[in-house]
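Residue numbers (the working numbering): 1 to 310.
Positions of the beta carbon are idealized from the N, C-alpha and C atoms, including for glycine.
Okay, here's the thing in structure tokens:
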């Protein structure tokens with residue numbers, strides 16, 4: 001779907017920007033409102049551009065110094081629909097792309113460890129332990145779906161590749177998020193242990209005892225392959241702004257389950273099992289970070305040809 005870019009520009013520079021943008025491929029419409037912006041003071045230029053061509057527009061704006069100048073302001077948005085007889089074919093065949101700044105905004109909205117997201121991680125840890133202790137895989141899957149623990153690792157890769165300080169926030173979010181998850185897991189583990197449940201063996205529902213714990217603490221070629229493929233799919237989903245589907249990626253990854261098992265094992269006093277599960281969790285984080293970094297690097301030097309400016 002085409003994007004709308006709104007630029008607030010000082011009056012003396014607007015004409016030059018309009019001339020530059022008018023000659024760009026993929027521009028569907030340009031609107032100019034003189035002197036209506038109060039802060040920052042200046043003109044407002046709005047352009048509708050094809051998704052497939054937005055990167056070229058951003059490169060033009062960067063070359064003009066607009067993205068680094070505090071006298072300018074830029075926002076992007078996406079319309080629910082767009083009707084244009086002149087450009088109907090281009091609109092209906094348009095692709096799905098995002099710019100770096102939109103990717104970071106998506107991560108901020110969905111995965112930054114605010115109080116609400118920390119509580120979600122805490123509760124997800126509680127749910128995961130119940131599922132693991134009862135060998136009920138649907139409960140474990142639900143815990144993985146609920147936990148917003150994927151985007152923080154993505155933020156680290158995004159920041160490193162773009163030499164942007166957001167990677168620091170990513171590390172902070174990983175630590176805070178999974179600390180909250182482990183606290184929730186520890187609370188339920190202690191409760192189950194108090195009532196006599198053997199955490200690492202658990203009860204049998206529709207799977208044999210210990211089946212889930214064994215799977216999520218064993219590192220195999222097949223398990224690593226699934227994590228790599230899931231990370232690649234996750235990268236594509238985020239870069240094409242289809243983040244609702246990343247819930248499926250969290251099911252494939254062992255982030256929530258391995259962190260929960262590590263907590264259960266430490267509560268049970270099985271430190272070997274705890275370290276094995278912790279190692280599996282660290283491996284998952286490393287795979288996510290590496291896959292995203294490689295794809296971000298390729299995109300930076302082939303498609304985007306620019307760094308993040310937000």
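Beta strand (DSSP E) segment containing residue 29, residue limits: The count along the chain shown starts at 1 and reaches residue 29 at position 29. Here the beta strand (DSSP E) through residue 29 covers 27-38.
Local conformation of residue 99 per DSSP, three classes: Working through the chain shown from its first residue, we reach residue 99 at position 99. It is coil, neither helix nor strand.
Environment of residue 134 [buried if 16+ CB atoms lie within 10 Å]: Here the question's residue 134 lines up with position 134 in the chain shown. Burial call: buried.
Given 8 Å, three or more beta-carbon pairs between the segment 172-182 and the segment 119-136: yes
Classification of residue 68 by the beta-carbon crowding that lies within 10 angstroms, buried from 16 upward: Walking along the chain shown from the start, residue 68 turns up at place 68. So residue 68 ends up on the exposed side.
Chain-order list of residues whose beta-carbon lies under 7 Å from that of residue 264 (same chain, five-residue window excluded): Residue 264 sits at position 264 when you count from the first residue of the chain shown. Cβ neighbours of residue 264 beyond the five flanking positions: 129, 132, 185, 189, 199, 200.
For residue 269 and residue 261, the rounded distance between their alpha carbons: In the chain shown, residue 261 corresponds to position 261, counting from 1. In the chain shown, residue 269 corresponds to position 269, counting from 1. C-alpha separation (whole angstroms): 12 Å.
Beta-carbon proximity list for residue 231, same chain, < 7 Å, skipping 5 on both sides: Indexing the chain shown from 1 puts residue 231 at position 231. Cβ within range, chain order: 287, 288, 291, 292.
N-terminal and C-terminal residue of the beta strand (DSSP E) that residue 41 is part of: For the purposes of this step, residue 41 is identified with residue 41 of the chain shown, where counting begins at 1. Start and end: 41-49.
Inter-stretch contact (C-beta, 8 Å, three-pair minimum) for the segment 84-96 and the segment 41-55: yes
Beta-carbon spacing of residue 44, residue 8 below 9 Å: Along the chain shown, read from residue 1 onward, the residue named residue 44 stands at position 44. Along the chain shown, read from residue 1 onward, the residue named residue 8 stands at position 8. Cβ distance < 9 Å, so residue 44 and residue 8 count as in contact.
Of the residues 116, 217, 237, the one placed nearest residue 255, counting alpha carbons only: Mapped onto the chain shown, residue 255 falls at position 255. The candidate whose alpha carbon is nearest that of residue 255 is 217.
Residue 217, DSSP secondary structure in three states: Position 217 of the chain shown, counted from the start, is the residue given in the question as residue 217. Three-state result, residue 217: coil.
Beta-carbon gap between residue 233 and residue 273 smaller than 9 Å: Within the chain shown, residue 233 is the residue found at index 233, counting from 1. Within the chain shown, residue 273 is the residue found at index 273, counting from 1. Their beta carbons are not under 9 Å apart, which means residue 233 does not touch residue 273 by this criterion.
Per-residue burial, residue 2 [other beta carbons within 10 Å of its own, 16 or more giving buried]: Stepping through the chain shown from its first residue, residue 2 is reached at position 2. When all chains shown are included, residue 2 counts as buried.
Boundaries of the alpha helix (DSSP H) in which residue 132 is found, first to last residue: Against the chain shown, residue 132 aligns to sequence position 132. Where residue 132 is concerned, the enclosing alpha helix (DSSP H) stretches over 115-133.
Selection from 107, 16, 27, 113 that minimises the alpha carbon distance to residue 235: Position 235 of the chain shown, counted from the first residue, corresponds to residue 235. Nearest C-alpha to residue 235: 107.
Short Cβ contact (9 Å threshold) for residue 10 with residue 71: Taking the chain shown and counting its residues from 1, one reaches residue 10 at position 10. Taking the chain shown and counting its residues from 1, one reaches residue 71 at position 71. Result yes, Cβ atoms of residue 10 and residue 71 sit closer than 9 Å.
Residue 112, DSSP secondary structure in three states: Working through the chain shown from its first residue, we reach residue 112 at position 112. Note: residue 112 maps to coil in three-state DSSP.
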